[in-house]
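Worksheet: the structure to be examined is printed underneath.
In the working numbering, the protein residues as written are 2 to 554.
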C-alpha cells in the first residue's frame, strides 16, 4: 500500500446520497472523507454550449456509460444499460429535477399484496416526512402546496413552475374526465437561492443545468460540505471495502490519474454508489469471512433491481402548444390510478405525467417514440406540423421487485482500472406489462378528450418494439425488517457489518410510481442523523440500532 489516511466516516460516492450524508455529518463536526471516481463538471462542459447540443446529448452526454466510454465510467453488460453518470453530483447531473415524494401506501406494499418479493418498508411515510422536509429546505423546491391526493407539506422555496400550454391542454382533459391532477414539484429554483440562479426556462434540463438552477448535489450539498471541511477526493475509484474482525476498517482506492493505490481508514463507512455501483462494490469486496461479498449473508445483494415500468406516449395536436419552451421535466401529474385495484388485473399503480418536448433535432429524430420525420420531399411538411405541436405523456408504473432482476459481476469486461463490469439483468414482470397496457389506454383517452389530435406514437417498456429504459436504479441492497429479507435495517445499517451503512437508491425496498431522488435523499439524511446521534454505540460493536425513532430535527 503506497499510503493511507484516517477519518471518522468514509463516504463512497459523491452523488445524491453521499452528498447529503457528507454534509449532514460534517455539520456536527464529524471528520468525513468522500471518495468519488468521477470529477467536477464545469458549466461550460454541458452540451448547451455545443453547436450540436442535441446530438451531443446522445453522444458525449448519453445516459448510457457504454456510449460515453469516459475513463471515469465503468461498463455494464447484460440486457439493460442503466442511466448512470460518474461525477461530483452523481447521476443527478443529468436529471430533470422532478421532485415528488412517495405516498404513505408505498411503504406497505408487502402487507397490501406481497407479490414477487415485495416487502413492507421498515419505516413509514410519517417516519420519513421530517427528513423530506429537511432535504427540501437544503435543495430549494418549486411547489404549489395543497394537493388533496397527498399528505400536506410545507410551501416550497419558490412557486411551482407554470404548466404552460402543454400542461393546460391536458389539465382541461383531466378535468373533463374527472381525474385528479396537480402541478408537479421540482427541485428547480423559481427564485434565487445560495448563489444559484432562478431557472430561465432554457429547456434542455436532461443535459444538465449550467445555471445551477436545478438542485444537483454539486451545487446544493457539496459547497456547504466542503466549507465544513469534508475531504472530497475526486478521480478516486474504490476497488474494495476492507473489513477486519467483522467491522469495516475503510477502503482501498485507485487514483485514476496516477494508478496509485491508497487506503482510507475509517471508523464508519457509508456506501452511496447508486443501485448498480453499490452492489458491484459489495460483490467486489469479497474477502476472508465474506466469500460472497460484503453484507451478503442473505444472498440479496444485487437482487430485486427496479427501474420503474415506463410508457412514453407522444401526441401531436393541430395547433402550436410550444412544448419545446421551458423546463423539460413533467409539469403536472395525475395520480388517479396510483393505488392498487385488483379489478384492473394487476397490483400497484401508475402516475400519468405530462411533459414537454425538446429541440428541433429531437423532434426530427422521432421524439421519445421513434416517430421519425421522413427524409426527402415530405420532410418539411412533417416537421412543420409536428415541431411545436407536441407533448409527452409518461406512464410511470411501480415495477415489482423481482429477485432475478439483479446486478452481478462480469469479469470478462473491465473498467479503465481493470475492475469487473456490472452485469445487469432486467425483465419486466407480466403484472407490470398489464399495468402499462392499461396506463397507455388512459393516456390515449386523455389525449382524445383534449381534442385536435393529429398523430401519436408509443415507446417504453413492456413490448418487443421498444427497449426497457434503465432509469431510476433501486432495490439492490434494500432496507428491511429482518436479516433474511434485506441487506440493511431501518437505519441503513448493514446486518452483517455493523459500522457499514448503505444510503442511496439501492436502499429502497419498493419503487413507488414516482421519481425516487427526493425519497432516496431523505433516506440518506435520516441515515446521517442516526449516525450523528448514535456513533458511539455504532463504534461500540452494537449490531442493531435501538428501536426508538429519530427526533424530527
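We treat Cβ as the ideally placed atom computed from N, Cα and C, and that holds for glycine.
Report task. Mind the definition here: the stretch 61-74 touches the stretch 405-413 only if three or more C-beta pairs lie below 8 Å; say whether that holds. Result -> No contact exists between the stretch 61-74 and the stretch 405-413.
Report task. Give the range of the beta strand (DSSP E) segment to which residue 426 is assigned. Result -> To locate residue 426, count along the chain shown from 1; it is residue 425. In the DSSP assignment, residue 426 falls within the unbroken beta strand (DSSP E) covering 421-426.
Requested in this report: Look up residue 9 in the DSSP assignment and say whether it is helix, strand or coil.
Outcome: As a first step, residue 9 is located in the chain shown; it is residue number 8 there, counting from the start. In the structure shown, residue 9 sits in a strand (DSSP, three-state: E or B).
Query - Proximity of residue 336 and residue 352 at Cβ, strictly below 8 Å - result: Residue mapping note: residue 336 aligns to position 335 of the chain shown, counting from 1. Residue mapping note: residue 352 aligns to position 351 of the chain shown, counting from 1. Cβ distance < 8 Å, so residue 336 and residue 352 count as in contact.
Report task. Mind checking who residue 311 pairs with in its DSSP beta bridge? Result -> Stepping through the chain shown from its first residue, residue 311 is reached at position 310. Paired residues: 397.
Query raised in the report: Could you give the residue range of the beta strand (DSSP E) that holds residue 459?
Result: Stepping through the chain shown from its first residue, residue 459 is reached at position 458. Counting along the chain, the beta strand (DSSP E) containing residue 459 begins and ends at 454-461.
Report task. Could you pull out every residue in the same chain whose Cβ sits closer than 7 Å to the Cβ of residue 441, ignoring the five residues on either side in sequence? Result -> In the chain shown, residue 441 corresponds to position 440, counting from 1. If we look at residue 441 and ignore the five residues flanking it on each side, its Cβ neighbours are 312, 314, 396, 459.
Query raised in the report: Roughly how many angstroms lie between the CA atoms of residue 291 and residue 302, to the nearest whole one?
Result: Residue 291 sits at position 290 when you count from the first residue of the chain shown. Residue 302 sits at position 301 when you count from the first residue of the chain shown. Each residue's Cα considered, the two are about 12 Å apart.
Query raised in the report: Does the count of Cβ pairs from the stretch 127-147 and the stretch 412-431 closer than 8 Å reach three?
Result: No: fewer than three Cβ pairs fall under 8 Å.
Query raised in the report: In whole angstroms, what separates the C-alpha of residue 305 from that of residue 474?
Result: On the chain shown, residue 305 is found 304 positions in, with the first residue counted as 1. On the chain shown, residue 474 is found 473 positions in, with the first residue counted as 1. Distance between the alpha carbons of residue 305 and residue 474 is about 10 Å.
Query - residue 232 - partner residues in DSSP beta bridges - result: Your numbering for residue 232 matches position 231 in the chain shown. Within the DSSP secondary-structure output, residue 232 pairs in a beta bridge with 34.
Query raised in the report: Would residue 190 pass as a contact of residue 200 if the rule is Cβ separation under 8 Å?
Result: Taking the chain shown and counting its residues from 1, one reaches residue 190 at position 189. Taking the chain shown and counting its residues from 1, one reaches residue 200 at position 199. Taking the C-beta atoms as reference points, residue 200 is found nearer than 8 Å to residue 190.
Requested in this report: Can you grab the Cα-Cα spacing for the pair residue 281 / residue 451, in whole Å?
Outcome: Numbered from 1 along the chain shown, position 280 holds the residue referred to as residue 281. Numbered from 1 along the chain shown, position 450 holds the residue referred to as residue 451. Across the structure, residue 281 and residue 451 are spaced so that their CA atoms are roughly 46 Å apart.
Query raised in the report: Curious, which full-length alpha helix (DSSP H) runs of at least 4 residues does the stretch 91-115 contain?
Result: Qualifying alpha helix (DSSP H) stretches, in chain order: 110-113.
**Report entry** Where the alpha helix (DSSP H) through residue 57 begins and ends
**Finding:** Counting from one through the chain shown, the residue named residue 57 turns up at place 56. Per DSSP, the continuous alpha helix (DSSP H) segment holding residue 57 begins and ends at 54-58.
Query raised in the report: So what does DSSP say about residue 264, is it helix, strand or coil?
Result: Looking up residue 264 in the chain shown gives position 263. Of the three classes helix, strand and coil, the one that applies to residue 264 here is strand, per DSSP.
Query raised in the report: Quick one: what does DSSP say residue 189 is sitting in, helix, strand or coil?
Result: The residue labelled residue 189 in the question sits at position 188 within the chain shown. In this structure, residue 189 counts as strand in the three-state DSSP scheme.
**Report entry** Best match in 37, 90, 18 for proximity to residue 44 [C-alpha to C-alpha]
**Finding:** Numbered from 1 along the chain shown, position 43 holds the residue referred to as residue 44. Taking only the C-alpha atoms, the option nearest residue 44 is 90.
Query - Host beta strand (DSSP E) of residue 251 (start-end) - result: In the chain shown, residue 251 corresponds to position 250, counting from 1. Unbroken beta strand (DSSP E) run through residue 251: 248-256.
Query raised in the report: If residue 471 sits next to residue 427, beta carbons under 8 Å apart, how far is it from one beta carbon to the other, in whole angstroms?
Result: Position 470 of the chain shown holds residue 471. Position 426 of the chain shown holds residue 427. By a beta-carbon distance limit of 8 Å, residue 471 contacts residue 427. Their separation comes to about 7 Å.
**Report entry** Length-filtered (3 minimum) beta strand (DSSP E) runs lying within the stretch 310-359
**Finding:** Here the runs fully enclosed are 310-318, 333-335, 351-356.
Query raised in the report: Based on the DSSP secondary-structure assignment, which residues constitute the bridge partners of residue 245?
Result: Here residue 245 corresponds to residue number 244 of the chain shown, with the count starting at 1. Beta-bridge pairing links residue 245 to 248.
Query raised in the report: Per DSSP, residue 183 is paired with what?
Result: Working through the chain shown from its first residue, we reach residue 183 at position 182. Looking at the DSSP output, residue 183 bridges to 334.
**Report entry** the stretch 362-371 / the stretch 269-289 touching (three or more Cβ pairs under 8 Å)
**Finding:** Three or more Cβ pairs closer than 8 Å define a contact, and the stretch 362-371 falls short of that threshold against the stretch 269-289.
Query raised in the report: DSSP on residue 74, reduced to helix/strand/coil?
Result: Taking the first residue of the chain shown as 1, we reach residue 74 at position 73. Under the three-state reduction of DSSP output, residue 74 falls in the coil class, being neither helix nor strand.
Requested in this report: Report yes or no: do three or more beta-carbon pairs, one from the stretch 20-33 and one from the stretch 222-242, lie closer than 8 Å?
Outcome: Look at the beta carbons and you see the stretch 20-33 touching the stretch 222-242: at least three pairs across the two are nearer than 8 Å.
Query - Segment contact flag, the stretch 512-521 with the stretch 102-114, C-beta cutoff 8 Å, min 3 pairs - result: Inter-segment contact for the stretch 512-521 and the stretch 102-114 is present: three or more beta-carbon pairs are separated by less than 8 Å.
Query raised in the report: What's the call for residue 38, buried or exposed, on a 16-neighbour Cβ count within 10 Å?
Result: Position 37 of the chain shown, counted from the first residue, corresponds to residue 38. When all chains shown are included, residue 38 counts as buried.
Query raised in the report: Under the three-state reduction of DSSP, which class applies to residue 364: helix, strand or coil?
Result: Position 363 of the chain shown, counting from 1, holds the residue named residue 364. Residue state for residue 364 is assigned as helix, using DSSP reduced to three classes.
**Report entry** Separation of residue 114 from residue 436, as counted between CA atoms
**Finding:** Looking up residue 436 in the chain shown gives position 435. Looking up residue 114 in the chain shown gives position 113. The straight-line gap separating the alpha-carbon atoms of residue 436 and residue 114 is approximately 15 Å.
**Report entry** C-alpha distance - residue 198 paired with residue 214, whole-angstrom precision
**Finding:** Numbered from its first residue, the chain shown carries residue 198 at position 197. Numbered from its first residue, the chain shown carries residue 214 at position 213. Near 5 Å, if we compare the C-alpha coordinates of residue 214 and residue 198.
Query raised in the report: From this set, 390, 521, 98, which residue's C-alpha is nearest residue 455's C-alpha?
Result: In the chain shown, residue 455 corresponds to position 454, counting from 1. Closest option to residue 455, Cα to Cα, is 390.
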